[in-house]
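*Asks:* First the structure, which I've put down as structure tokens, then a few questions once you've had a look.
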Amino acid sequence: MHNTVLAPTVVKQLESLGTQYDILSHEVTDTIDAAAASLGLSADTVARAVVLRDEDYICMAVLPLNYLIDFADLKALTQRNLRPVDNQFVSDMFSDCEAGVVPPFGGVYNIETFYDVSLLNKSAVILEAGSHHNMIRLTRDEFRKLVELNHRGCFAKPESLLRYENSLHEALPEIPHGIDLTASFRHLLPIVDIDTDIEKAPGMPVLSVMSNSLISVQKSESSIPDLVELLSQDPVLSTYIIRFTQSFMFAKPANIRTLDDAISRVLGFDTAHGLALALSILQPFVVQAVGPLGRKSIWKHSLLVATLARHLSDELPAKNVLDQGKLLVAGLLHNLGYLLYGHLFHSKFFLLNKLVELNPQISVMDFESLLTSSKRIGVMPVKSHAQVAARLLNSWGLASEIVTAVEFHHDDLYEEQDSTYANLILVADHLLKAHEIGDAISDEPPQYVLERLKLKLDRVEGITRQLLEDCGDLSSLIQIMTSQH
């Protein structure tokens with residue numbers, strides 16, 4: 007019976023050692039964190055496996071779920087500068103496991119394995135064993151039999167040390183005034199990643215053929231039939247657009263069955279074009295799913311910001327006529343910089359998510375220097391998520407209104423060209439922060455920005471509450487936006 011729910015390679019290892027174990031079944035989950043939560047497990051009893059490499063060597067580090075690798079200690083143990091490998095590489099290595107599962111049995115997969123000693127004195131240790139709906143539990147003695155075949159050492163630190171009040175670095179309480187976090191937490195980052203500049207990092211996303219075609223369309227005099235013909239070349243994208251048309255974002259109209267119906271009856275050219283462009287731009291970005299800055303959280307926030315900004319635009323004076331498609335793209339992509347960080351710097355992004363998760367009282371922007379390898383000037387890092395995303399979108403040829411909104415969506419003093427787009431995104435950001443959604447600095451829009459837009463606070467707060475009541479469960483839309491990876 008065990009063999010039907012565990013990876014065959016893992017079963018072979020357990021049987022060869024005569025290991026006694028219990029199977030813990032749970033609801034299907036995406037991550038080991040979710041599996042542990044589903045079973046109500048203490049995180050320090052769950053073993054997390056991380057595959058690492060340098061130019062010519064691969065190994066596995068196994069540590070408690072709520073611990074982080076100290077790369078300086080790991081280098082002392084292995085004599086190598088290691089970094090985690092990407093998810094696709096991992097999936098190929100564990101072909102008899104469900105995608106994303108990394109069983110902490112590296113030796114049987116011919117991977118040199120190092121176990122952190124913090125796991126050795128637990129009364130029981132819980133491990134992934136090949137599936138997203140089962141884990142196994144080993145007693146201390148059974149787990150030690152497994153470890154005896156491999157290396158052991160002290161190379162992990164509890165993530166609780168990242169909490170504001172438990173800081174590893176005495177300068178951390180000064181974060182709101184600006185410090186160089188890269189220097190503060192160097193030992194928790196792969197040595198080869200510490201000083202990599204974001205603009206020189208390898209692996210910069212490349213636009214798809216569809217994205218380039220849509221950008222060309224935005225600069226031409228195309229019609230709805232032209233847009234339908236173009237989008238019909240991508241059946242998956244066409245299906246997504248129809249599903250979005252049927253969502254809370256567009257009042258859930260009935261009987262929308264075809265792409266032509268969606269565009270001609272509901273969206274119109276500008277909005278359909280903007281939606282298609284934003285969704286197509288997402289495709290190259292590969293980012294961890296969970297965490298306060300994981301792709302699920304980012305896209306929940308972006309969906310709400312985009313929709314709220316469009317509702318707020320209806321409250322503007324008649325003279326302020328905005329391109330609704332460009333406003334939609336700006337809202338959906340305003341935090342693209344975080345996705346870019348995560349795509350380029352997996353380890354730094356993992357650490358950033360932990361810092362934000364453990365210190366919700368501190369703005370995420372106070373942690374950004376960790377990712378950008380740059381100092382701060384005033385409120386924002388020199389290379390903030392807004393700035394790096396704006397540069398990327400500008401290099402891809404997106405409209406100036408979109409680029410401006412993305413670059414200045416945290417700048418309440420911005421009043422120059424296309425400022426209405428940026429200011430609306432900023433106001434939407436702040437309004438949602440009042441409901442504990444997003445990364446705005448405060449939970450109320452600056453009064454002078456509202457006055458600049460001729461908006462009333464009580465009115466926009468009411469619009470926000472109504473939107474959150476109407477949107478319901480966003481999981482299906484979020485799945486659309488993240489399933490392309």
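Going left to right, the sequence shown walks through residues 7 to 491 as the working numbering numbers them.
Heads up, the beta-carbon is just placed ideally off N, CA and C, and yes, glycines get one too.
Return the CA-CA distance between L265 and E422, expressed in angstroms with no decimal places.
*Replies:* Linking L265 to E422 through their CA atoms gives a straight-line distance of about 37 Å.
*Asks:* Output needed for A446: all residues of its chain with C-beta closer than 6 Å, excluding positions within five of it in sequence on either side, in chain order.
*Replies:* D435, H436, K439
*Asks:* Which stretch, first to last residue, makes up the beta strand (DSSP E) that contains F77?
*Replies:* Segment 77-84 is the alpha helix (DSSP H) holding F77; no beta strand (DSSP E) there.
*Asks:* Buried or exposed for A82, please, with buried defined as at least 16 other CB atoms from any protein chain shown within 10 angstroms of its CB.
*Replies:* exposed
*Asks:* Kindly indicate which residue of V153, V311, D276 has the alpha-carbon position closest to the one of S228.
*Replies:* D276
*Asks:* Only counting the same chain, and skipping five residues up and downstream in sequence, which positions put a Cβ closer than 6 Å to that of Q19?
*Replies:* Counting only Cβ-Cβ distances below 6 Å, and skipping sequence neighbours, we find F111, V114.
*Asks:* From L126, T145, M371, E457, pick the residue whose C-alpha is nearest to that of H416; which is it?
*Replies:* The candidate whose alpha carbon is nearest that of H416 is M371.
*Asks:* Return the first residue and the last residue of the beta strand (DSSP E) that Y347 is part of.
*Replies:* That residue, Y347, is in no beta strand (DSSP E); its alpha helix (DSSP H) goes 342-350.
*Asks:* Quick one: what does DSSP say S238 is sitting in, helix, strand or coil?
*Replies:* coil
*Asks:* Pairs of beta-carbons, one from the segment 100-110 and one from the segment 153-162, closer than 8 Å: are there three or more?
*Replies:* Judged by Cβ distances under 8 Å, the segment 100-110 makes no contact with the segment 153-162, as fewer than three pairs qualify.
*Asks:* Kindly indicate which three-state DSSP category V292 falls into: helix, strand or coil?
*Replies:* coil
*Asks:* Would the beta-carbon of F355 fall within 8 Å of that of Q294?
*Replies:* yes
*Asks:* Quick check: the Cα distance between H349 and V292, rounded to an integer number of angstroms?
*Replies:* 5 Å
*Asks:* Report the option in A78, P70, V394, N261 whose CA atom is closest to the CA atom of H207.
*Replies:* At residue 207 the sequence reads Ala, which differs from the His that was named. Per the C-alpha coordinates, the member of A78, P70, V394, N261 positioned closest to A207 is V394.
*Asks:* Using three-state DSSP, classify T264 as helix, strand or coil.
*Replies:* coil
*Asks:* Assuming S308 and L338 form a contact by the criterion Cβ under 8 Å, report the distance between their Cβ atoms to the nearest whole angstrom.
*Replies:* Yes, S308 and L338 are in contact; Cβ-Cβ is about 5 Å, under 8 Å.
*Asks:* Buried or exposed, going by whether 16 or more other CB atoms sit within 10 Å of the CB of H441?
*Replies:* exposed
*Asks:* Do you know offhand how far P323's Cα is from K460's?
*Replies:* C-alpha separation (whole angstroms): 7 Å.
*Asks:* Less than 8 Å separating the beta-carbons of L69 and I38?
*Replies:* no
*Asks:* Could you give the C-beta distance for L404 and L168, rounded to a whole number, given that I count them as a contact under 8 Å?
*Replies:* Not really, about 36 Å apart at Cβ, beyond 8 Å.
*Asks:* Under the DSSP definition of a beta bridge, which residues are partnered with D122?
*Replies:* G159
*Asks:* Name the one or two DSSP bridge partners that N429 has.
*Replies:* N429 is not bridged to any residue.
*Asks:* Give every residue of the same chain whose Cβ lies closer than 7 Å to the Cβ of R465, excluding the five residues on either side of it in the sequence, and list them in chain order.
*Replies:* E321
*Asks:* Taking its Cβ as the centre, do 16 or more other Cβ atoms sit within 10 Å of E33, making it buried, or is it exposed?
*Replies:* Exposed: under 16 other Cβ atoms inside 10 Å.
*Asks:* Over what stretch of residues does the beta strand (DSSP E) that includes N140 continue unbroken?
*Replies:* 140-145 is the span of the beta strand (DSSP E), which, as asked, contains N140.
*Asks:* So L133 and L220 are in contact, right, with Cβ under 8 Å, and what is the actual spacing, rounded?
*Replies:* Not quite, the Cβ-Cβ distance comes to about 46 Å (not below 8 Å), so this is no contact.
*Asks:* Measure the alpha-carbon distance for M210 versus L357 and round it to whole angstroms.
*Replies:* 20 Å
*Asks:* Below 8 Å between beta carbons: does that hold for I247 and L281?
*Replies:* yes
*Asks:* Is the beta carbon of G444 sitting closer than 8 Å to the one on S390?
*Replies:* no
*Asks:* Using the three-state DSSP reduction, which class does A177 fall into: helix, strand or coil?
*Replies:* Unreliable positioning characterises A177 in this predicted model, as indicated by a pLDDT of 43, which lies under 50. The coordinate reading is nonetheless provided below. DSSP places A177 in coil when its eight states are reduced to three.
*Asks:* Measure the C-alpha to C-alpha separation of M216 and S286 and round it to an integer number of angstroms.
*Replies:* 7 Å
*Asks:* Could you tell me the alpha carbon to alpha carbon distance between L213 and R146, rounded to whole angstroms?
*Replies:* Answer to the nearest angstrom: the Cα atoms are 50 Å apart.
*Asks:* If you reduce the DSSP assignment to three classes, tell me which class M210 lands in.
*Replies:* Three-state result, M210: coil.
*Asks:* Buried or exposed: which applies to T245, given that a residue is buried once 16 or more other Cβ atoms fall within 10 Å of its Cβ?
*Replies:* Label assigned to T245: exposed.
*Asks:* Decide if the segment 126-142 is in contact with the segment 41-61; the criterion is three or more beta carbon pairs, one per stretch, under 8 Å apart.
*Replies:* yes
*Asks:* What residue from G274, V242, P196, T251 has the CA that sits closest to P231's CA?
*Replies:* G274
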